[in-house]
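In UniProt numbering, the protein residues as written are 1 to 1089.
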């Protein structure tokens, strides 16, 4: 699009069949030739016909250019270096293998002379000595004439293609379109806000709210809760901004628009949303709660809440732009929320803060919101009753909270919030303008490779060792340590249907079901490597899933048998392996540990541990993973193994289960030609051991295609058009299709896989007026295949059906130990999860300890007690929220891995769930111990062994609740987004019904049950009952003299004689959440196939 004259394209044909890839490259060739454009593309496995469309070739290795010149000359160059491309070898494959130490020898031209490895450095030097290389060197050595930079032929003289106003209009239109398409997020935020408003107004209902000091405290709590709800409501803006940053930086680098043109629309278009959400909250709550019934004060409260909401959105957007990545931004947002809470003047009044920290109050947006809302309400005429102290009731309430300001502070607060909004948006724009994209290089090299590049002597020794190792590995190829039972899988008249999608019903389709497989018959035999091919959408993966028993929806008809006996999925899972197209592995364990874990859970207990380890080592050698066995798997596309290494690991993890049948879904997708050859060589090694292997494959090279023994070819609609042997040089396949009248003959040295897909394409069928599926069904080949399938569907005499004493290879205790072992390793190697939450607890506890310094025993009035309770309430709530939010992301990754492992029959849901629950305990204990060690001395709480124990116990149970809540949400929801949305609803209720904002005796009867179902309420109850329930010191509470213990009983409903009961109920929450997690993991499966 646009007047592009230079196109840089990276792996543009990934995952496409060869025909589609050819069409794309052909269009690029025409673009380059017709418009005189420059096209520079990197390709992984270009088919010969796609390769032949390019004019020039650039071949690189080890960061050096080996060849750069005309495509026609590249083979001549390598012949001068002593290497020749075989006739039936694709030139692109040859080029990638001839520079490899392991593969170079097979192309040596001078058979009378011994081959010695010609290094990349040597080839690069020879290229520079050629005439082509010298010309490039001369052209680059000439200094560039800068006077020609802006000549009369330039397309653009400005940095951006449009005037500023047009840029702004384009960006604001795009932003509006994105908001319309993200309407679900905004709609749900509004619904969530309405729900929170309903909770709030029915808890703080006007019929139970009086005009007195005690209920004035409830009004203050209600105003503060409104501020917190609108503050947290801006959090989704952070996630959405982070998700869009990569697109912004890409477009910024391409000079689409300046940062301000992106930032201003992102800010301006959120104003109506803030306006609407603030209006919804104010309209719902103002009258029902019973605030001052004056129109002016209603509108002033609404304006203040609107300013608070837009400041919140701006703050989180600013954090996202500065910290850039999701993990860092969420961690920073967590600190921002806890700092704004603690310095808001609610948990601890401004007057009680240490002098050197009072500045925090004046730079906090929530402080200004609290000042503005409180002044607006409590300076109203109805709060002007004079008290015995000669101070009005409103002033008394404000003074107790350290918010005793005059009416003008409302406008000061409003201006401060708008000023903070402006500052946040300026920082947002500056961050976008000057910070670089957070995308890091994915390149990873081993220590040996680093030594080789640095030219150290040790690398030469290691290099020589590595030359010998493949030969030794190949000596043992095919010699598996463990025996297995070869099995045949047969299928006859296989049909598969799904319910017709709603979208298709609206397009005139009358059928209720859509058929994806039609009358498939065939057999896969031991020791035979079968390719399952067809164009995109032909039903290859569908057939594989149906045979493997991986489908979770749809309707299957037909007969599937294993060595003549009907397939039973529970037993079949024990003898089969399935390599998915997406390589799903736990990122924080090593390659060898992944194999050991799979072997321990899937091999029968009768095999001793030494044999299992020997078997794992054998598989590492067979799949050529021995050199990277200690490498961390990492996250795909970000860290750890390369795509090719992940693919081989996927194969190895299934192979250590010692399966008789292995299904592989596109094992070469995303790999370059050489990496694909390595994977397929490993697969061929496995097939030669006598296993039954079926692979779907997209665009194989000639070598890879002819490594298969048999072929199953499907056309669109899930119909079979060929099943049978390939033959030498694909002779059987070629002979079959060329025998059909009208089919074009294959050209010399042309890829049979590509030719086969071309001559059977839908366009070819229309042109020839024939149906290849009908032709196959009427052929002798189909009859012989049907007879073979019938014959193999009968059990051999004396054979028996598959039978296992239990569903899993290991007993429950061994499953639990294996899961616990893997999870313990994974947790220990996850600093972004565990170290960050421990650090968050440390910093938060220190912050609260400094701010609430020695407040624990300084209790003279009810406000002093509120201050201590506010500190504990803040830590209990926000440490729990941070734990739950960070756990949700971590558990989501492992939950995806769990689906694969459960499908493979590795363990029961109970063993997995219990291991997950137990693994959390030591880290939660560390956090709880941190909290006690820091908070106890800094706040100066009453110290005794019993009180310290109950303090530790209450925080430990509280954090367990929040972490197990994350596990529970992941198990009951189909996606991370829905889990995150539900999580925020739990946070709102855990906050409102914690017993701090409104104590138990004041909660309406219709909501009391919610208080008892909230773990934070029991945490605060246990903490304060154990710490202050036996303290009989006299205090002045709301003008009356009482004791601390009596005030806790009367005002909060905390009874010291119920301490043990409270402790038992509190531990019941994490037990219940953990049990529900185990139950739903077993019963629910949201992975639809």
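By construction, the Cβ of each residue, glycine as well, lies at the ideal position given by its N, Cα and C atoms.
For residue i, the three-state DSSP class (helix, strand or coil)
i            : result
residue 852  : coil
residue 1049 : helix
residue 502  : helix
residue 895  : helix
residue 674  : helix
residue 578  : strand
residue 955  : helix
residue 422  : helix
residue 1065 : helix
residue 66   : strand
residue 113  : coil
residue 566  : strand
residue 529  : strand
residue 1085 : coil
residue 615  : helix
residue 689  : coil
residue 7    : strand
residue 494  : strand
Same chain only: Cβ atoms within 6 Å of residue i, ignoring 5 sequence neighbours per side
i           : result
residue 803 : none
residue 663 : 544, 548, 578, 694
residue 840 : 882
Residues near residue i in its chain [Cβ-Cβ closer than 8 Å; skip 5 each side]
i            : result
residue 351  : 402
residue 1072 : none
residue 655  : 577, 619, 622, 623, 662, 686
residue 321  : 241, 245, 427, 428, 431, 432, 435
Range of the contiguous alpha helix (DSSP H) that encloses residue i
i           : result
residue 933 : 909 to 939
residue 219 : 213 to 232
residue 762 : 762 to 768
residue 980 : 976 to 992
residue 816 : 812 to 828
residue 261 : 259 to 268
residue 330 : 326 to 342
Residues of its chain near residue i, where Cβ-Cβ distance is below 7 Å and the 5 sequence neighbours each way are ignored
i           : result
residue 353 : 361, 851
residue 924 : 956, 959, 960, 963
residue 836 : 331, 886
residue 309 : 230, 233, 234, 274, 277, 278
residue 175 : 265, 266, 269
Alpha carbon of residue i to alpha carbon of residue j, nearest angstrom
i            : j           : result
residue 677  : residue 661 : 21 Å
residue 726  : residue 80  : 36 Å
residue 1092 : residue 78  : Outside the shown range of the chain, which is 1 to 1089, sits residue 1092, and nothing can be said about it.
residue 723  : residue 590 : 40 Å
residue 299  : residue 8   : 56 Å
residue 92   : residue 48  : 7 Å
residue 42   : residue 875 : 53 Å
residue 888  : residue 995 : 26 Å
residue 983  : residue 597 : 32 Å
residue 29   : residue 46  : 14 Å
residue 143  : residue 137 : 12 Å
residue 967  : residue 954 : 20 Å
Range of the contiguous beta strand (DSSP E) that encloses residue i
i           : result
residue 694 : 692 to 696
residue 522 : 513 to 524
residue 437 : Here residue 437 belongs to no beta strand (DSSP E), and DSSP marks it neither H nor E.
Proximity winner among the options, relative to residue i (alpha-carbon distances)
i           : options             : result
residue 869 : 13, 826, 500, 997   : 997
residue 199 : 554, 225, 179       : 225
residue 227 : 1087, 757, 745, 337 : 337
residue 942 : 855, 914, 863       : 855
residue 939 : 1027, 31, 285       : 1027
residue 816 : 405, 32, 1059, 600  : 600
residue 515 : 494, 130, 846, 535  : 494
residue 760 : 280, 130, 626, 734  : 734
residue 85  : 110, 63, 61         : 110
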